[in-house]
């Protein structure tokens, strides 16, 4: 099913809509956002300079740090009386990255997520088991409200509690699963303990998976484990949350909702826009958001765009599954983690030095993050009680500030290998 006719419109009509909306959002930020007004003035740009879609290249980039520097509401272009929802993600200095939504923005978010659900023909007869986390992250609630708008029964299971999740899926007869692919595999591994015919206990027919990078092999493994159709959803809080793009069941790639989010691919080193089909960093501009419009946001995600026709009938450009990152961000069980965030927590913990290493591995199908930190030379390494106190404080600080459960190992001073160049802070054994 296709939800909105614009999804299958001709390229000329799509670009007409995009240009109209691009001009509107540029005017919006120029006159309502001091941050963008200053940036535009520095480049000697005004809204009148945007006469074609190609003119978007004249506009400045926006980075995640810009949101942090304007914490909490410095980039909003509406009064707080018009904001109906606030979400956030972890920040480098204990301050989160904040995003806001007006009622109009919520309508946009619901629509793009309904479009995703329609790719799997989700309807009122379905029971949607939502195992994404609820709260300040956009994942859980992004999937929740759109399913409710369709009329499907939504089970807000949130994350964790594997056995309870399986019980609810069995007893409630869930037909749609929403989760990270790693958690979906973990659920399947546990469900296998019910016996070789465990799938007969479940009514799942499709699933919507995202929030972490996936290979074709991983996608196929999830689909095979549950014998369901696999739909990949891409999104990020700064743009809207989940729903920026979604895969259909006819071919490779995720259809970008480009009437709301204008995509570009740039060289991550030079910032130059790359020719059609080349791999690079995805840049997105919100075309219809009111509370937090974003111009040319550098996502850090490496992908490429494909405009060849899709058998599903949708004409929106497709993006490949994200291949990697242009920066050093880690995604651990769906949570974005920068080494600089971890370092900030370590710096504010007494008894440890800033010599550390982050080790990410798999425990079954789930990610496992371990943090090796050298103890301060002034701490006696045989003082077990003191070391245990430091360890617990550090683990709690990581959970409170970054929302991650890390296994902390305190090691002796000068025991972490030094390098002659840039310190090797990350060891990712999942690759």
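In this note's numbering, the protein residues as written are 96 to 526.
The beta-carbon is built from N, C-alpha and C at its ideal position, and this holds for glycine as well.
If you look at residue 468, you'll find it in the beta strand (DSSP E) that goes 461-470. In the structure shown, the three-state DSSP call for residue 504 is strand.
Beyond the five residues adjoining it in sequence on each side, residue 492 comes within less than 8 Å, by CB distance, of 440, 443, 444 in the same chain, given in chain order. Judged by their CB atoms, residue 410 and residue 375 are not nearer to each other than the 9 Å cut-off. Note that the segment 451-465 touches the segment 421-433; at least 3 beta-carbon pairs, one per stretch, sit closer than 8 Å. Here residue 414 carries a strand assignment [DSSP, helix/strand/coil]. The Cβ neighbour count for residue 279, taken over all protein chains shown within 10 Å, is at least 16; the residue is labelled buried. With a 10 Å radius around the Cβ and a threshold of 16 neighbouring Cβ atoms, residue 126 comes out exposed.
CA-to-CA, the gap between residue 261 and residue 241 works out to about 23 Å. Going by DSSP, residue 276 is part of no beta strand (DSSP E) but of the alpha helix (DSSP H) stretching over 276-286.
Excluding its 5 nearest sequence neighbours in each direction, residue 265 has C-beta neighbours in its own chain below 7 Å: 296, 297, listed in chain order.
Distance from the CA of residue 431 to the CA of residue 160, rounded to the nearest whole angstrom, comes to 14 Å. For residue 331, the uninterrupted beta strand (DSSP E) run begins and ends at 324-331, by DSSP.
Residue nearest to residue 418 within the set 501, 473, 352, 311 is 311 (criterion: CA-CA distance). Remark: C-beta atoms of residue 236 and residue 193 do not approach each other more closely than 9 Å. If the five residues before and after residue 360 are omitted, its C-beta is found closer than 8 Å to the C-beta atoms of 368, 369, 373, 374, 375, 376, 377, 378, 398, 399, 400, all from its own chain and listed in chain order. The three-state reading of DSSP puts residue 399 in coil, since its state is none of H, G, I, E or B. For residue 108, the enclosing alpha helix (DSSP H) covers residues 106-127. The continuous stretches of alpha helix (DSSP H) do not include residue 362, and DSSP gives it neither H nor E. Within the model, the alpha-carbon separation for residue 150 versus residue 456 is close to 44 Å. Between the C-alpha atoms of residue 203 and residue 345 there is a straight-line separation of about 25 Å. By the criterion of a C-beta distance shorter than 6 Å, residue 420 is surrounded in its chain by 395, once the five residues flanking it on both sides are discounted. In the assembly as shown, residue 348 is a buried residue. Its beta-carbon has 16 or more other beta-carbons within 10 Å. For the pair residue 183 and residue 332, the CB atoms are nearer than the 9 Å cut-off. Looking at the DSSP output, residue 483 bridges to nothing. Straight-line measurement puts the Cα of residue 305 at about 12 Å from the Cα of residue 317. Runs of the alpha helix (DSSP H) spanning 4 or more residues and lying entirely within the segment 236-267 occur at 257-267, in chain order. Residue 275 has its alpha-carbon roughly 41 Å from the corresponding atom of residue 478. One thing to note: residue 119 has its Cβ within 9 Å of the Cβ of residue 382. In the structure shown, the three-state DSSP call for residue 142 is helix. DSSP places residue 313 inside the alpha helix (DSSP H), whose first and last residues are 311-321. Under the three-state reduction of DSSP, residue 130 is assigned to helix.
The C-beta of residue 475 has fewer than 16 other C-beta atoms within 10 Å across all chains shown, which makes the residue exposed.
Taking C-beta separations shorter than 7 Å and ignoring five residues to either side along the sequence, the partners of residue 325 in its chain run 302, 304, 314, 317, 318, following chain order. DSSP places residue 342 outside any alpha helix (DSSP H); the residue lies instead in the beta strand (DSSP E), whose first and last residues are 336-342.
Pairing residue 115 with residue 121, the inter-Cα distance amounts to about 10 Å.
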